[in-house]
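Novice: For what it's worth, the numbering used here labels the leading residue of the sequence shown as 4, then goes sequentially. Mind having a look at this structure? Questions to follow.
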Amino acid sequence: MSKIDENLLIYQKFINLIYYSKNLLNKFPKSERFDLCNDIKLTLYKDLKNIIYAWKAYSNQEKLKFLRETDVSLIFLKSLITISYKLKYISQKNYMVWNNQISEIGKLLGSWMKKCQKD
Numbered sequence: 004m005s006k007i008d009e010n011l012l013i014y015q016k017f018i019n020l021i022y023y024s025k026n027l028l029n030k031f032p033k034s035e036r037f038d039l040c041n042d043i044k045l046t047l048y049k050d051l052k053n054i055i056y057a058w059k060a061y062s063n064q065e066k067l068k069f070l071r072e073t074d075v076s077l078i079f080l081k082s083l084i085t086i087s088y089k090l091k092y093i094s095q096k097n098y099m100v101w102n103n104q105i106s107e108i109g110k111l112l113g114s115w116m117k118k119c120q121k122d
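Encoded structure:
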């Protein structure tokens, strides 16, 4: 990726979230690898793609479309993580760290959406 991509903070945070998630998902039971783990992975990759689409979009309306989709998807991701915690696939510490990373991304996403709405 180009240097501009690397400077996009939300992109960097999302890449870190994916690394963290992949490490945790490897610890899930094999019975969940094609179910819950797969849903989490697909959601993460879809969100990353939406962030890139939003960054590359020309109009603010087009950006907002991708950002809103990512916003909804992050709520879904938080739900999947809560399910993982309730089923005791992850520890409370892992749950808190994972949730905090998603919340940080959500805040960045929210401010990006506000900026697009103002322009």
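Note that CB positions come from ideal geometry on N, CA and C, so glycine has one too.
Excluding sequence positions up to five away, which residues of its chain have a Cβ less than 8 Å from the Cβ of residue 53?
Specialist: So the list reads 69, 70, 72, 73 and 76, once near-sequence residues are dropped.
Novice: Alpha helix (DSSP H) containing residue 93: first to last residue?
Specialist: Unbroken run through residue 93: none, as it is neither H nor E.
Novice: Count the other CB atoms within 10 Å of the CB of residue 92; is the residue buried (16 or more) or exposed (fewer)?
Specialist: buried
Novice: Does the Cβ of residue 45 have 16 or more other Cβ atoms within 10 Å, making it buried, or fewer, making it exposed?
Specialist: exposed
Novice: Out of 120, 34, 103 and 121, which has the shortest C-alpha to C-alpha gap to residue 17?
Specialist: 103
Novice: Excluding five sequence neighbours on each side, which residues of the same chain lie with their C-beta closer than 7 Å to the C-beta of residue 25?
Specialist: none
Novice: What does the alpha-carbon distance come out to for the pair residue 109 and residue 33?
Specialist: 30 Å
Novice: Check whether the Cβ atoms of residue 39 and residue 83 lie closer than 8 Å to each other.
Specialist: In this structure, residue 83 lies closer than 8 Å to residue 39 by Cβ.
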